[in-house]
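Student: Quick one: this structure, given as structure tokens, is what I'll be asking you about.
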Amino acid sequence: MQTFTMVLEEIWTSLFMWFFYALIPCLLTDEVAILPAPQNLSVLSTNMKHLLMWSPVIAPGETVYYSVEYQGEYESLYTSHIWIPSSWCSLTEGPECDVTDDITATVPYNLRVRATLGSQTSAWSILKHPFNRNSTILTPPGMEITKDGFHLVIELEDLGPQFEFLVAYWRREPGAEEHVKMVRSGGIPVHLETMEPGAAYCVKAQTFVKAIGRYSAFSQTECVEVQGEAIPLVLALFAFVGFMLILVVVPLFVWKMGRLLQYSCCPMVVLPDTLKITNSPQKLISCRREEVDACAMAVMSPEELLRAWIS
Numbered sequence: 007m008q009t010f011t012m013v014l015e016e017i018w019t020s021l022f023m024w025f026f027y028a029l030i031p032c033l034l035t036d037e038v039a040i041l042p043a044p045q046n047l048s049v050l051s052t053n054m055k056h057l058l059m060w061s062p063v064i065a066p067g068e069t070v071y072y073s074v075e076y077q078g079e080y081e082s083l084y085t086s087h088i089w090i091p092s093s094w095c096s097l098t099e100g101p102e103c104d105v106t107d108d109i110t111a112t113v114p115y116n117l118r119v120r121a122t123l124g125s126q127t128s129a130w131s132i133l134k135h136p137f138n139r140n141s142t143i144l145t146p147p148g149m150e151i152t153k154d155g156f157h158l159v160i161e162l163e164d165l166g167p168q169f170e171f172l173v174a175y176w177r178r179e180p181g182a183e184e185h186v187k188m189v190r191s192g193g194i195p196v197h198l199e200t201m202e203p204g205a206a207y208c209v210k211a212q213t214f215v216k217a218i219g220r221y222s223a224f225s226q227t228e229c230v231e232v233q234g235e236a237i238p239l240v241l242a243l244f245a246f247v248g249f250m251l252i253l254v255v256v257p258l259f260v261w262k263m264g265r266l267l268q269y270s271c272c273p274m275v276v277l278p279d280t281l282k283i284t285n286s287p288q289k290l291i292s293c294r295r296e297e298v299d300a301c302a303m304a305v306m307s308p309e310e311l312l313r314a315w316i317s
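Structure (structure tokens):
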């Protein structure tokens, strides 16, 4: 009888334990356990732009929202229970979050994300390895090389205030010296050098981020050539003809103007024939007063003398 009683007690105990373990999930089941947490967290970081990504939580016919939080080095070491909401990712729809504005120092950051569907909220999923922005991938800058007359000009891609650019340029010839110039910001044309006619110049550039102390690789080399500017044949012919005209016309013009000035300021007086002295003036001066008539007759021609006798 005692053995039978013990068997019954064991049966009741087993039934009670089975009922208890079957009832516990029902008692403890709430909204957190229903919605699965996001999986496969990773960070894609290029040129100091940091994007946290994860696999979306599938809920057919429903819109799932996500929230992102982070911990900096201080929070991780001293206040690990404190998580800071991301600046741009509070209840966002897409399975990604731009955490660039949250990653403000070159230290490890913990990141976590959870899903929300109506009143249901998933557990948090934490990034497996802390993220440090010094692991970002730096790419060579886009650049545009132009000629402004004989000036070599470069305009670099604007990647943001944290970026500077190291530009190398040289004349394309054997043994040419390579020059280096630091450009502080992109999006602005910068003069590099005054080029010589007929010469080719080459340029390449790389990005530099002072905050993490890293350079990108150099871009592909681009070269430009300045053609020698020869004077066209027609222009040279016109220049020669103009020069010859100047040599001929200017002296002629000066001579003509001189003649006009001479006639205007000092005109030449032409005496009538009757006032012209045919004999030497000295001879008239030597005549005495009483011989004036004789001298006057001496200077007359024979026709005039005959005319004087008749009269």
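The sequence shown begins at 7 in my numbering and counts up one residue at a time. Glycine residues also receive a C-beta, built at the ideal position from the N, C-alpha and C atoms.
Just to confirm, are residue 61 and residue 114 a CB contact at a threshold of 8 Å?
Tutor: The answer is no: Cβ separation not under 8 Å.
Student: Which complete alpha helix (DSSP H) runs does the stretch 73-132 hold, if anything under 4 residues is left out?
Tutor: Entirely contained in the stretch 73-132, the alpha helix (DSSP H) runs reaching 4 residues are, in chain order, 79-84.
Student: Name the DSSP beta bridge partners of residue 59, please?
Tutor: In the DSSP output, where bridge partners are listed per residue, residue 59 has 48, 102.
Student: Please list, in chain order, all residues of the same chain as residue 107 whose beta carbon is under 8 Å from its beta carbon, the five residues on each side excluded.
Tutor: Hits under 8 Å: 93, 94.
Student: To the nearest angstrom, how far is it from the Cα of residue 133 to the Cα of residue 89?
Tutor: Cα to Cα, the separation comes out at about 13 Å.
Student: Apart from the five residues just before and just after residue 55, which ones in its own chain have a Cβ nearer than 6 Å to its Cβ?
Tutor: Hits under 6 Å: 106.
Student: Taking the beta carbon of residue 192 as the centre, do at least 16 other beta carbons fall within 10 Å, making it buried, or is it exposed?
Tutor: Counting Cβ neighbours within 10 Å, residue 192 comes out buried, since at least 16 surround it.
Student: For residue 45 and residue 187, I'd like the C-alpha separation in whole angstroms.
Tutor: Their Cα atoms are separated by approximately 46 Å.
Student: Residue 156 by DSSP, collapsed to three states: which one?
Tutor: In the structure shown, residue 156 sits in coil (DSSP, three-state: anything other than H, G, I, E or B).
Student: Can you give the Cα-Cα distance for residue 87 and residue 173, rounded to whole angstroms?
Tutor: Near 47 Å, if we compare the C-alpha coordinates of residue 173 and residue 87.
Student: Comparing alpha-carbon positions, which option in 66, 263, 177 lies nearest residue 201?
Tutor: Selected option, being the one with the closest Cα: 177.
Student: Can you tell me whether residue 147 is buried or exposed, with buried defined as 16 or more other CB within 10 angstroms of its CB?
Tutor: It is buried - the Cβ of residue 147 has at least 16 other Cβ atoms within 10 Å.
Student: For residue 130, collect the residues of the same chain with a Cβ closer than 6 Å to its Cβ; drop the 5 residues on either side in sequence, then sort them by chain order.
Tutor: If we look at residue 130 and ignore the five residues flanking it on each side, its Cβ neighbours are 118, 120.
Student: Could you name the residues of the same chain whose beta carbon sits closer than 8 Å to that of residue 205, not counting the 5 residues immediately before and after it, in chain order?
Tutor: So the list reads 177, 178, 179, 231, 232, once near-sequence residues are dropped.
Student: Apart from the five residues just before and just after residue 112, which ones in its own chain have a Cβ nearer than 7 Å to its Cβ?
Tutor: Cβ within range, chain order: 138, 139, 140, 217, 218.
Student: Would you give the residue range spanned by the alpha helix (DSSP H) that residue 40 belongs to?
Tutor: Segment 37-40, the alpha helix (DSSP H) holding residue 40.
Student: Can you tell me whether residue 206 is helix, strand or coil according to DSSP?
Tutor: It is a strand residue.
Student: From 263, 215, 49, pick the residue whose C-alpha is nearest to that of residue 168; which is it?
Tutor: The candidate whose alpha carbon is nearest that of residue 168 is 215.
Student: Using 8 Å as the threshold, is the C-beta distance between residue 162 and residue 171 below it?
Tutor: Taking 8 Å as the Cβ cut-off, residue 162 and residue 171 qualify as a contacting pair.
Student: Roughly how many angstroms lie between the CA atoms of residue 220 and residue 213, to the nearest whole one?
Tutor: One C-alpha to the other measures close to 8 Å.
Student: Just the Cα atoms here: how many angstroms apart are residue 155 and residue 207?
Tutor: Roughly 14 Å separates the two Cα atoms.
Student: Just to check my reading of the structure: residue 222 and residue 145 have Cβ atoms closer than 8 Å, yes? What is that Cβ distance to the nearest angstrom?
Tutor: Right, the Cβ-Cβ distance comes to about 6 Å (below 8 Å), so this counts as a contact.
Student: Following the continuous beta strand (DSSP E) through residue 171, name the residue where it begins and the one where it ends.
Tutor: 169-177 is the span of the beta strand (DSSP E), which, as asked, contains residue 171.
Student: Beta-carbon separation of residue 58 and residue 74 under 8 Å?
Tutor: Closer than 8 Å, so yes.
Student: When the Cα atoms are used, what is the spatial distance from residue 290 to residue 266?
Tutor: Because the pLDDT at residue 290 is just 47, under 50, the model does not fix this residue reliably, and the value given afterwards should be weighed accordingly. For residue 290 and residue 266, the distance between alpha carbons rounds to 38 Å.
Student: Under the three-state reduction of DSSP, which class applies to residue 201: helix, strand or coil?
Tutor: Three-state result, residue 201: coil.
Student: Straight-line CA distance for residue 226 to residue 175?
Tutor: Near 12 Å, if we compare the C-alpha coordinates of residue 175 and residue 226.
Student: Helix, strand or coil for residue 70, going by three-state DSSP, please let me know.
Tutor: Coil at residue 70, not helix or strand.
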